[in-house]
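A.B. asks: Each residue of the sequence shown is one higher than the one before, counting from 153 in the working numbering. Beta carbons are placed, not taken as given, at the ideal position from N, Cα and C, and that holds for glycine. So that we are looking at the same thing, I have put the structure below in structure tokens.
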Amino acid sequence: MSMIIGDNPVGIIGAGTMGSDIARLAAFAGRQVLLYDSNNQTLQRSLTRINDAVKLQVDKGKLSRTKADEALQNITAVPSISDFKECMLVIEAVIEDLSVKQELFRKLECVIPSEGILATNTSSISVTAIASACKNASRVAGIHFFNPAHIMPLVEIVQGMATSIGTLQDARKIIDSWGKTTILAKDTPGFVVNRVARPFYGEAIRIFEEGIADFATIDWTMKEIGGFKMGPFELMDLIGNDVNFKVTETVWKQLFYDPRYKPSITQKRLFDAGFWGRKTGKGYYDYSDGAIHPAPRKEKGLGEQIFFRILVMLINEAFDAWYYQIAARDELEIAMTKGVNYPKGLIGWGEEIGLLKVLEKLEELQNLYGEDRYRPSLLLKRLAKSQ
Ligand SMILES: NC(=O)c1ccc[n+]([C@@H]2O[C@H](COP(=O)([O-])OP(=O)(O)OC[C@H]3O[C@@H](n4cnc5c(N)ncnc54)[C@H](O)[C@@H]3O)[C@@H](O)[C@H]2O)c1
Numbered sequence: 153m154s155m156i157i158g159d160n161p162v163g164i165i166g167a168g169t170m171g172s173d174i175a176r177l178a179a180f181a182g183r184q185v186l187l188y189d190s191n192n193q194t195l196q197r198s199l200t201r202i203n204d205a206v207k208l209q210v211d212k213g214k215l216s217r218t219k220a221d222e223a224l225q226n227i228t229a230v231p232s233i234s235d236f237k238e239c240m241l242v243i244e245a246v247i248e249d250l251s252v253k254q255e256l257f258r259k260l261e262c263v264i265p266s267e268g269i270l271a272t273n274t275s276s277i278s279v280t281a282i283a284s285a286c287k288n289a290s291r292v293a294g295i296h297f298f299n300p301a302h303i304m305p306l307v308e309i310v311q312g313m314a315t316s317i318g319t320l321q322d323a324r325k326i327i328d329s330w331g332k333t334t335i336l337a338k339d340t341p342g343f344v345v346n347r348v349a350r351p352f353y354g355e356a357i358r359i360f361e362e363g364i365a366d367f368a369t370i371d372w373t374m375k376e377i378g379g380f381k382m383g384p385f386e387l388m389d390l391i392g393n394d395v396n397f398k399v400t401e402t403v404w405k406q407l408f409y410d411p412r413y414k415p416s417i418t419q420k421r422l423f424d425a426g427f428w429g430r431k432t433g434k435g436y437y438d439y440s441d442g443a444i445h446p447a448p449r450k451e452k453g454l455g456e457q458i459f460f461r462i463l464v465m466l467i468n469e470a471f472d473a474w475y476y477q478i479a480a481r482d483e484l485e486i487a488m489t490k491g492v493n494y495p496k497g498l499i500g501w502g503e504e505i506g507l508l509k510v511l512e513k514l515e516e517l518q519n520l521y522g523e524d525r526y527r528p529s530l531l532l533k534r535l536a537k538s539q
């Protein structure tokens with residue numbers, strides 16, 4: 153149990169996808185949880201969903217009835233945020249809208265104890281902008297879980313412009329005590345994972361758009377040759393092409409239209425068409441009953457070229473995040489292996505291949521296309537030349 157919050161309950165606002173799973177996680181970590189949602193029906197539905205999911209685990213023999221009952225009793229739905237007055241930690245997981253979040257933080261600040269931590273689970277809004285609504289922004293931090301929050305091991309602890317070191321360390325200790333692996337990230341667009349992973353999707357789509365290979369072949373390549381658990385297109389279909397497009401667009405806009413993050417027309421058209429992936433029954437692949445997925449072209453030479461092009465773009469992104477101190481080197485490695493299940497940390501992977509080889513490939517692409525998209529990170533250049 154964390155010393156920082158003692159026996160005080162944890163407040164969670166927003167009982168949608170993320171809030172429900174965070175409530176479940178905290179309850180299983182032995183915390184008293186107060187859960188609130190402005191939509192009472194959603195709140196009740198969330199409790200039912202958590203109960204049903206936990207019951208299923210008991211039925212499958214994966215969890216003891218006693219442990220399940222104890223955890224479920226830890227969660228209380230509350231009708232108002234004024235019930236949060238004893239919460240030393242509140243995690244906000246409401247809709248992704250700056251003014252809604254600011255309004256909440258403004259109110260919360262007056263409700264919780266003065267030493268309490270206010271955290272946001274936002275994936276794309278600046279923590280600093282949310283915190284600016286508070287008189288004391290030093291106790292506001294980002295606690296960014298991945299979906300599903302009770303299963304995914306990684307949590308990014310995000311430092312806003314005004315977040316105090318104490319707040320950051322306390323937030324980290326609490327989430328560590330819930331069994332998660334935490335990394336510290338600067339408040340920059342996409343934080344770590346959603347920024348560094350962009351080329352996995354973007355470069356794969358680019359290769360598809362250029363007609364170099366179809367998506368089944370690219371997926372096969374990244375799994376068979378690259379050792380990734382899923383290919384980019386099947387992963388985008390799982391995440392949702394609506395969500396993935398929005399994340400890409402947001403990161404690109406917030407990085408002042410840096411061409412490295414530019415979304416693609418293919419992604420936009422899938423979004424426009426409602427081909428959002430598994431959830432709509434169609435994305436890059438067709439998920440209707442009896443649909444036959446296209447067969448990949450299993451050509452090793454072609455596969456190796458595709459894999460290397462995507463990998464060097466990912467490695468470049470990781471070096472740039474390291475260079476700009478968005479996270480420490482070892483934490484960048486943890487982020488990509490624990491957050492998105494990459495087979496290896498990208499910086500170490502680059503060193504294993506040889507940084508000069510990675511740099512030469514990026515320079516070759518940059519010369520060939522004449523695009524800033526392929527510009528190598530300064531840190532990669534420096535280290536490659538000194539290796
Ligand atoms: N879904 C993901 O994969 C994911 C991953 C990481 C982070 N996030 C972030 O988590 C947050 C929540 O996302 P989600 O997918 O759970 O959304 P969701 O739409 O499933 O849930 C949002 C909930 O917030 C409630 N809500 C809206 N305004 C409110 C208010 N003023 N007060 C109280 N409740 C309010 C809604 O009724 C809804 O139940 C967002 O900031 C999102 O960016 C989402």
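(1) Using 8 Å as the threshold, is the region 482 to 496 in touch with the region 345 to 352, meaning 3 or more CB pairs across them?
(2) Is ILE233 closer than 8 Å to ILE317 when the C-beta atoms are compared?
(3) Can at least three beta-carbon pairs, one atom from the region 317 to 335 and one from the region 366 to 378, be found at a separation below 8 Å?
(4) Quick check: is any heavy atom of ligand 1 less than 7 Å from the C-beta of GLU485?
(5) Check ALA368 in the structure and name its three-state DSSP category.
(6) Tell me the DSSP bridge mates of HIS296?
(7) Pick helix, strand or coil for GLU244, following the three-state DSSP scheme.
(8) Give a single yes or no on whether GLY383 has its beta carbon closer than 7 Å to a heavy atom of ligand 1.
(9) Going by C-alpha distance, which of PHE180, GLU456, ALA480 is nearest ALA301?
(10) Does the count of Cβ pairs from the region 389 to 402 and the region 431 to 447 closer than 8 Å reach three?
(11) Less than 7 Å separating the Cβ of TYR188 from some heavy atom of ligand 1?
(12) Less than 8 Å between the C-beta atoms of ILE462 and ALA368, yes or no?
(13) I need the boundaries of the beta strand (DSSP E) containing VAL185, first residue and last residue.
(14) What I want to know is whether the C-beta of SER251 ends up closer than 7 Å to one or more non-hydrogen atoms of ligand 1.
(15) Comparing the CB of SER275 with every heavy atom of ligand 1, is any distance shorter than 7 Å?
(16) Could you spell out where the beta strand (DSSP E) holding LYS338 opens and where it closes?
(17) Please tell me whether LEU422 and ASN393 are closer than 8 Å, where the distance is taken between their beta carbons.
(18) Would a C-beta distance cut-off of 8 Å place THR400 and GLU361 closer than the cut-off?
(19) Could you check which residue in LEU336, SER329, LYS398, ALA245 has the C-alpha nearest to that of ALA487?
(20) Looking only at DSSP bridge pairs, what is ASP322 linked to?
(21) Name the DSSP beta bridge partners of LYS434, please?
(22) Can you tell me whether ALA245 sits near ligand 2, meaning its C-beta is under 7 Å from at least one heavy atom of the ligand?
(23) I need the straight-line Cα distance from PHE343 to TYR188, nearest angstrom please.
(24) Closest by CA to GLY500, which one among ASN519, LEU466, GLN518?
(25) Quick one: what's got a C-beta closer than 6 Å to ALA223's C-beta in the same chain, skipping five residues either side?
(26) Could you tell me the boundaries of the alpha helix (DSSP H) in which VAL399 lies?
(27) Grab the span of the alpha helix (DSSP H) containing GLY502 for me, first residue to last.
(28) Pairing CB atoms from the region 258 to 278 with CB atoms from the region 238 to 247, are three or more of them under 8 Å?
(29) Spell out the partners DSSP gives ILE269 in its beta bridges.
(30) Does the beta-carbon of PHE257 have 16 or more other beta-carbons within 10 angstroms, so that it is buried, or is it exposed?
(31) Under a CB-based cut-off of 8 Å, is TYR476 close to chain D?
(32) Does the beta-carbon of ASP159 have 16 or more other beta-carbons within 10 angstroms, so that it is buried, or is it exposed?
(33) Measure how close the beta-carbons of ASN226 and VAL185 come, nearest whole angstrom, since I'm counting them as under 8 Å.
(34) Terminal residues of the continuous beta strand (DSSP E) containing ILE164?
C.D. replies: In brief:
(1) The answer is yes - the region 345 to 352 touches the region 482 to 496, with three or more Cβ pairs under 8 Å.
(2) Taking the C-beta atoms as reference points, ILE233 is found no nearer than 8 Å to ILE317.
(3) Judged by Cβ distances under 8 Å, the region 317 to 335 makes no contact with the region 366 to 378, as fewer than three pairs qualify.
(4) Distances between the C-beta of GLU485 and the heavy atoms of ligand 1 are all 7 Å or more.
(5) Shown here, ALA368 sits in a helix according to DSSP, grouped into three states.
(6) Looking at the DSSP output, HIS296 bridges to GLU308.
(7) Of the three classes helix, strand and coil, the one that applies to GLU244 here is strand, per DSSP.
(8) Outside the cutoff, so no.
(9) When only C-alpha atoms are compared, the closest one is PHE180.
(10) With the cut-off at 8 Å, the region 389 to 402 and the region 431 to 447 touch.
(11) With a cut-off of 7 Å, the C-beta of TYR188 is classified as near ligand 1, since at least one heavy atom of the ligand falls inside that distance.
(12) In this structure, ILE462 keeps its C-beta atom at 8 Å or more from the C-beta atom of ALA368.
(13) Membership of VAL185 in the beta strand (DSSP E) is indicated by the continuous run 185 to 188.
(14) No.
(15) Because some heavy atom of ligand 1 lies under 7 Å away, the Cβ of SER275 counts as near it: yes.
(16) LYS338: member of the beta strand (DSSP E) spanning 333 to 338, first to last residue.
(17) Yes, the Cβ-Cβ distance between LEU422 and ASN393 is below 8 Å.
(18) Taking 8 Å as the Cβ cut-off, THR400 and GLU361 do not qualify as a contacting pair.
(19) Checking every option, the nearest Cα to that of ALA487 belongs to LEU336.
(20) For ASP322, which the question treats as bridged, DSSP gives no partner whatsoever.
(21) Answer is GLY429, ASP438, bridged to LYS434.
(22) Among the ligands present in this structure, namely ligand 1, ligand 2 is not found.
(23) Computed Cα separation, rounded: 26 Å.
(24) With distances taken between Cα atoms, GLY500 lies closest to LEU466.
(25) So the qualifying residues of the chain are ALA179, PHE180.
(26) Taken as a continuous stretch (DSSP letters only), the alpha helix (DSSP H) holding VAL399 covers 393 to 406.
(27) GLY502 -> alpha helix (DSSP H) spans 498 to 505.
(28) For the pair of segments examined, the region 258 to 278 was found to touch the region 238 to 247: the number of CB pairs separated by less than 8 Å reaches three.
(29) Bridge pairing for ILE269: LEU241 [DSSP].
(30) PHE257 is buried by the Cβ-count criterion.
(31) Considering every chain present, this structure includes no chain D. It has just one protein chain.
(32) Answer is exposed; the Cβ neighbour count stays below 16.
(33) That belief holds up - the Cβ atoms of ASN226 and VAL185 are roughly 6 Å apart, short of 8 Å.
(34) That run of the beta strand (DSSP E) goes 162 to 165.
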